[in-house]
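Quick notes on the structure that follows.
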Amino acid sequence: MKEIKIHIEGMKCEGCVNRVKNVIGSLKDVSTYDVSLENKELVATVKKEKVIPEILSKIDALGFTASVEE
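The opening residue of the sequence shown carries number 5 in our numbering; numbering runs sequentially from there.
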């Protein structure tokens, strides 16, 4: 398992946070996750790194801009 941080540009309210949480919660290779409006980021523990592009794609599909933080 690996912890990742993804910066999410464009979140403005708790409704945005909930939309991201709903999408991330539906992914089977994500063990734990937290979305912070204040930090504009997702911190997640993933079972397989191959899910990372899917996470980015799903967040982008919501109208936000997602990028992996190094």
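Glycine included, C-beta positions come from ideal geometry on N, C-alpha and C.
Runs of the beta strand (DSSP E) spanning 3 or more residues and lying entirely within the region 16 to 69 occur at 34 to 40 and 45 to 50, in chain order. Glutamate 7 is bridged by DSSP to Thr49.
Taking all protein chains shown into account, methionine 5 has fewer than 16 neighbouring C-beta atoms within 10 Å of its C-beta and is therefore exposed. DSSP places glutamate 73 in the coil class of the three-state scheme, outside both helix and strand. Taking the C-beta atoms as reference points, valine 39 is found nearer than 8 Å to valine 21.
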